[in-house]
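Student:
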Amino acid sequence: MGKAMDLPAETREAANNVIKMQRDADWQNDFKKNSDDGIKTQSLYNIRLIMEHDEMLKGLVAFDEFSEQIVKTPQADNSLFKKGFWNDGDDTLLRSYIEDHYNLLFSKENITDAVVTEARRKTINPVKARIEAVEWDGQPRAERYFIDYLGAEDNHYTRTITKKWLTGLIARAYVPGVKFEIVPILEGSQGLGKSTAGKNLYPDKFNDSLKGMGKQKDDYQQLQGSWIIEVAELSAMKKTDVEGIKNFISAQSDTYRNSYGRYALPHPRKCVFIGTTNQTDYLKDATGERRFYPIKCGVNKAKLDVWHPDENYILQVLAEAMYWFRNGELLYLDQATMKEAKAYQMAAEAVDPMRDAIEAFLAMEVPTDWENMSTGLKQSYVSDYGHHSKWL
Numbered sequence: 001m002g003k004a005m006d007l008p009a010e011t012r013e014a015a016n017n018v019i020k021m022q023r024d025a026d027w028q029n030d031f032k033k034n035s036d037d038g039i040k041t042q043s044l045y046n047i048r049l050i051m052e053h054d055e056m057l058k059g060l061v062a063f064d065e066f067s068e069q070i071v072k073t074p075q076a077d078n079s080l081f082k083k084g085f086w087n088d089g090d091d092t093l094l095r096s097y098i099e100d101h102y103n104l105l106f107s108k109e110n111i112t113d114a115v116v117t118e119a120r121r122k123t124i125n126p127v128k129a130r131i132e133a134v135e136w137d138g139q140p141r142a143e144r145y146f147i148d149y150l151g152a153e154d155n156h157y158t159r160t161i162t163k164k165w166l167t168g169l170i171a172r173a174y175v176p177g178v179k180f181e182i183v184p185i186l187e188g189s190q191g192l193g194k195s196t197a198g199k200n201l202y203p204d205k206f207n208d209s210l211k212g213m214g215k216q217k218d219d220y221q222q223l224q225g226s227w228i229i230e231v232a233e234l235s236a237m238k239k240t241d242v243e244g245i246k247n248f249i250s251a252q253s254d255t256y257r258n259s260y261g262r263y264a265l266p267h268p269r270k271c272v273f274i275g276t277t278n279q280t281d282y283l284k285d286a287t288g289e290r291r292f293y294p295i296k297c298g299v300n301k302a303k304l305d306v307w308h309p310d311e312n313y314i315l316q317v318l319a320e321a322m323y324w325f326r327n328g329e330l331l332y333l334d335q336a337t338m339k340e341a342k343a344y345q346m347a348a349e350a351v352d353p354m355r356d357a358i359e360a361f362l363a364m365e366v367p368t369d370w371e372n373m374s375t376g377l378k379q380s381y382v383s384d385y386g387h388h389s390k391w392l
């Protein structure tokens, strides 16, 4: 008698397909049963069995390790479920679908637990996938990203801040929670595309709606799925607000309970920040705002169209930044660049409307008997300052 392995390859493949089809057709025989031979509805296994074999549900969910959330996969996009984050409504749809097609009504809790279990079997990381989409071609372009797309100043300072920030962007994706405190502030007139330049690096993971910066409860949940977070218009914030923002930006980990979680757990940061402003004087205290690094945009004509970016160019920028990261690029500035940065930070310092008056008062010449003059005479002197030769 011949053996199956002696059959021609095409025949063996056809036979295997028949066996697989038969096995797939018989999967419902694997349901766990009650003592009365009815299908158990208090069973995560039975829900997962359905999700693994039903054509509408097969491959439906995965766990996005970057956002730490369950997602509906693109390949499972169908008339019932659309790709995106899994939500409460999807639990209801799944529960209803199973009841309609299998005459089995599972509890909401079991549905939720089964979805979590099934998703954990397939882990994805869309940020890493984007970074690794292409190999760097060896052509330098990344440190000129803001120069080429926004017409930023073309100098050592701009290129260095850009290089450090892009390296930090990669580092936070591969080493969540790594210490990184460099925040470029794209400074320039409205309509240059400053926010768009940040968004173009990965539109799906760009967030410009984090208004509370740690003040609101859901700010931390928004951090989960964000890679690049925009801090808009520092000039509109009070000094006390800026202090809170600095502390929020500097954090390396946050503790909170995420979706489908029962416990508050530490979540190392995977995001970086970038600022945008239409103003030139927006830093409340340049001496204490070492995290913010102004980049003057619109100084030159942009060489590339920020509104219609070349996707391959963007991927090459990320690939080059990945090369820097792999080769040990440091995530902080050297002393020479810090000195350059200080000049930009001082130039961007917001002027207190009272500062000139106070400086003038402190520089004012006073009579030799100033200390002995009455308050009224001092007030008269100050108000008449400039025409006070009679006092001297």
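Numbering (the UniProt record's numbering), first residue to last: 1 to 392.
For each residue, glycine too, the CB sits at the ideal point set by N, CA and C.
Does the distance from the C-beta atom of Ile161 to that of Ile182 stay below 8 Å?
Tutor: yes
Student: Distance check for Glu55 and residue 400, CA to CA, integer angstroms please.
Tutor: The question about residue 400 has no answer here: the residues shown for the chain are numbered 1 through 392.
Student: Short of 8 Å in beta carbon distance, which residues of its chain neighbour Pro74, apart from the five on each side in sequence? Order them along the chain.
Tutor: Lys83
Student: Using the three-state DSSP reduction, which class does Leu265 fall into: helix, strand or coil?
Tutor: In the three-state DSSP reduction, Leu265 falls in the strand class (E or B).
Student: Using DSSP with H/G/I as helix, E/B as strand and the rest coil, what is Ala232?
Tutor: strand
Student: Pull up the CB-CB distance for Ala142 and Lys108, whole angstroms please, since I reckon it's below 8 Å.
Tutor: With 8 Å as the limit, Ala142 and Lys108 do not qualify as a contact, their Cβ atoms being about 48 Å apart.
Student: Quick one, are the C-beta atoms of Phe273 and Ile249 less than 8 Å apart?
Tutor: yes
Student: Count the other CB atoms, across all protein chains shown, that sit within 10 Å of the CB of Ala264; report buried if there are 16 or more and exposed otherwise.
Tutor: exposed
Student: Going by DSSP, what residues sit across from Ala62 in a beta bridge?
Tutor: Val71
Student: Along the chain, where does the alpha helix (DSSP H) that runs through Ser253 open and close?
Tutor: Taken as a continuous stretch (DSSP letters only), Ser253 belongs to no alpha helix (DSSP H), being part of the beta strand (DSSP E) at 253 to 256.
Student: Let me check understanding here. Comparing Cα to Cα, which of Phe180, Ser253, Trp307, Ile124 lies closest to Thr196?
Tutor: Trp307
Student: Taking the Cβ atom as the reference point for each residue, do Gln316 and Glu68 lie within a distance shorter than 8 Å?
Tutor: no
Student: Measure the CB-CB distance between Ala190 and Asn278 and report whether it falls below 8 Å.
Tutor: The question names Ala, yet the displayed sequence has Gln at residue 190. Their beta carbons are under 8 Å apart, which means Gln190 touches Asn278 by this criterion.
Student: Hey, how far is the Cα of His267 from the Cα of Leu362?
Tutor: If you take the alpha carbons of His267 and Leu362, they lie about 50 Å apart.
Student: Just confirm the distance between the C-beta atoms of Thr158 and Phe63, as a whole number of angstroms; I'd bet it's less than 8 Å.
Tutor: Thr158 to Phe63, Cβ: 39 Å. No contact.
Student: Use the C-beta contact count for Tyr45: other C-beta atoms within 10 angstroms, 16 or more gives buried, fewer gives exposed.
Tutor: Under this definition Tyr45 is an exposed residue.
Student: Counting C-beta neighbours from all protein chains within 10 Å, is the total for Met364 16 or more, i.e. buried, or is it exposed?
Tutor: exposed
Student: Using a Cβ-Cβ cut-off of 6 Å (strictly less than) and excluding sequence neighbours within five positions of Met51, which residues of its own chain qualify?
Tutor: Leu57, Glu118
Student: Determine the burial state of Leu210: buried for a count of at least 16 other Cβ atoms within 10 Å of its Cβ, exposed for fewer.
Tutor: Counting the other CB atoms within 10 Å of its CB gives Leu210 a total of 16 or more, which places it among the buried residues.
Student: My output table needs one value for Asp384: the three-state DSSP class, helix, strand or coil.
Tutor: coil
Student: Assign Ala335 to buried or exposed, taking buried as 16 or more other Cβ atoms, counted over all protein chains shown, within 10 Å of its Cβ.
Tutor: Reading off the sequence shown, one finds Gln at residue 335, where the question assumed Ala. Gln335 should be labelled exposed.
Student: From the DSSP output, in three-state form, read off Glu52 for me.
Tutor: helix
Student: So, under 8 Å CB-CB, Glu230 and Gly198 are touching, yes? Tell me the CB distance rounded to an integer number of Å.
Tutor: 6 Å
Student: If you check the beta carbons only, do Tyr293 and Ile170 fall under 8 Å apart?
Tutor: Their beta carbons are not under 8 Å apart, which means Tyr293 does not touch Ile170 by this criterion.
Student: Under 7 Å Cβ to Cβ from Gly151, same chain only, skipping five residues before and after it: list those, please.
Tutor: Cys297, Gly298, Val299, Asn300, Lys301, Ala302
Student: Do you know offhand how far His156's Cα is from Tyr256's?
Tutor: One alpha carbon belongs to His156, the other to Tyr256, and they sit about 40 Å apart.
Student: Considering only C-alpha positions, which residue in the set Ala319, Leu80, Arg48 is nearest to Pro140?
Tutor: Ala319
Student: Do you know how far the Cα of Asp281 is from the Cα of Gly188?
Tutor: Using only the alpha carbons, I get a separation of about 11 Å.
Student: Of all the options Gly193, Val61, Cys271, which has the alpha carbon lying nearest to the alpha carbon of Asn207?
Tutor: Cys271
Student: Count the other CB atoms within 10 Å of the CB of Lys342; is the residue buried (16 or more) or exposed (fewer)?
Tutor: Lys342 comes out exposed.
Student: Give, in chain order, every unbroken run of the alpha helix (DSSP H) that is at least 4 residues long and sits entirely within the segment 136 to 164.
Tutor: 145 to 150
Student: Give the secondary structure of Pro126 by DSSP, where H, G and I count as helix, E and B as strand, and everything else as coil.
Tutor: helix
Student: Can you tell me the Cα-Cα spacing of Gln42 and Ile111, whole angstroms?
Tutor: 10 Å
Student: Would Lys205 and Val115 qualify as a contact pair, given that the criterion is a beta-carbon distance under 8 Å?
Tutor: no
Student: What's the call for Pro203, buried or exposed, on a 16-neighbour Cβ count within 10 Å?
Tutor: Exposed: under 16 other Cβ atoms inside 10 Å.
Student: Buried or exposed: Ser35, going by 16 or more other Cβ atoms within 10 Å of its Cβ?
Tutor: exposed
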